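Q:
Numbering (our numbering), first residue to last: 24 to 206.
#1: Could you have a look at residue 191 and say whether DSSP puts it in helix, strand or coil?
#2: Closer than 8 angstroms by C-beta to residue 151: which residues in its own chain qualify, once you throw out the five before and the five after it? Chain order, please.
#3: Under three-state DSSP, which class holds residue 152?
#4: Would you mind listing the alpha helix (DSSP H) stretches within the stretch 88 to 118 that are 4+ residues and don't spill past its ends, in chain order?
#5: For residue 51, list the residues DSSP reports as bridge partners.
#6: Of all the options 56, 83, 145 and 87, which has the alpha carbon lying nearest to the alpha carbon of residue 187?
#7: The beta strand (DSSP E) that contains residue 162, what's its start and end?
#8: With distances taken Cα to Cα, identify the nearest neighbour of residue 112 among 154, 92, 148 and 136.
#9: Pull up the DSSP beta-bridge partners for residue 126, would you.
#10: Restricting to Cα atoms, I'd like to know which of 129, 177 and 117 is closest to residue 205.
#11: Apply the 10 Å Cβ neighbour rule to residue 170 and answer buried if 16 or more other Cβ atoms are within range, or exposed otherwise.
#12: So the beta strand (DSSP E) residue 183 belongs to, where does it begin and stop?
#13: Could you give the DSSP three-state label for residue 73: helix, strand or coil?
#14: Between the alpha carbons of residue 89 and residue 127, how many angstroms are there, rounded?
#15: Tell me which same chain residues have a C-beta within less than 8 angstroms of the C-beta of residue 110, skipping the five on either side of it?
#16: Pop quiz: residue 163 and residue 106 are said to be a contact at Cβ under 8 angstroms. What is the actual Cβ separation, rounded to whole angstroms?
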């Protein structure tokens with residue numbers, strides 16, 4: 024038992040040495056994005072993201088749905104003047120009743136409201152970004168001043184996600200996973 028534990032610890036320590044620095048500093052988290060496409064004559068469109076449901080005005084085929092995302096947090100305790108990039112990857116939205124019916128991730132646009140909690144000056148400009156299935160940089164933190172050793176940035180996401188609903192999809196509830204990463 025003791026030899027097995029020591030061998031396992033040695034393997035784990037060796038594996039830790041093989042991880043490149045950029046990967047060792049990377050962080051990833053995800054949440055499920057959920058909404059329902061309804062007919063124009065009734066119902067509503069809802070978005071559920073890691074918390075309360077945001078009920079949207081009536082949306083139907085061929086329109087754009089907008090909704091809130093939960094706060095994103097980026098913590099940086101590396102010290103120094105190094106900035107960071109926050110990226111989002113979005114799976115295609117899949118109809119929960121008919122998995123053949125999808126709304127492509129590229130129909131979604133992300134526009135955060137603000138990035139709060141930046142320490143040491145610099146910037147993290149707000150831009151609208153078309154999402155896709157692979158990580159796409161949505162926020163670039165740069166020009167951080169010396170002495171900014173600990174930073175806990177929060178990204179406000181009120182009405183930050185918009186999804187263009189094609190006229191060719193089935194009515195019903197759609198879900199996708201949105202993954203946030205920072206490096």
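Where is the CB? At the ideal position from N, CA and C, for every residue including glycine.
Owing to the predicted nature of the structure, the values given are computational and were not obtained by experimental measurement.
A: In terms of the structure at hand:
#1: Of the three classes helix, strand and coil, the one that applies to residue 191 here is coil, per DSSP.
#2: 132, 133 and 134
#3: Strand, per DSSP.
#4: Listed in chain order, the alpha helix (DSSP H) elements of length 4 or more contained wholly in the stretch 88 to 118 amount to none.
#5: 204
#6: Per the Cα distances, 87.
#7: 159 to 164
#8: 154
#9: 116
#10: In terms of CA proximity to residue 205, 177 leads the group 129, 177 and 117.
#11: When all chains shown are included, residue 170 counts as exposed.
#12: Per DSSP, residue 183 belongs to no beta strand (DSSP E) and is neither H nor E.
#13: Reliability of the predicted coordinates at residue 73 is poor, the pLDDT of 43 falling under 50, and the value obtained from them is presented with this limitation in mind. Coil.
#14: 16 angstroms
#15: Contacts found: 158, 159, 160, 161, 203, 204, 205 and 206.
#16: Contact annotation, residue 163 with residue 106: C-beta distance approximately 7 angstroms; criterion of less than 8 angstroms satisfied.
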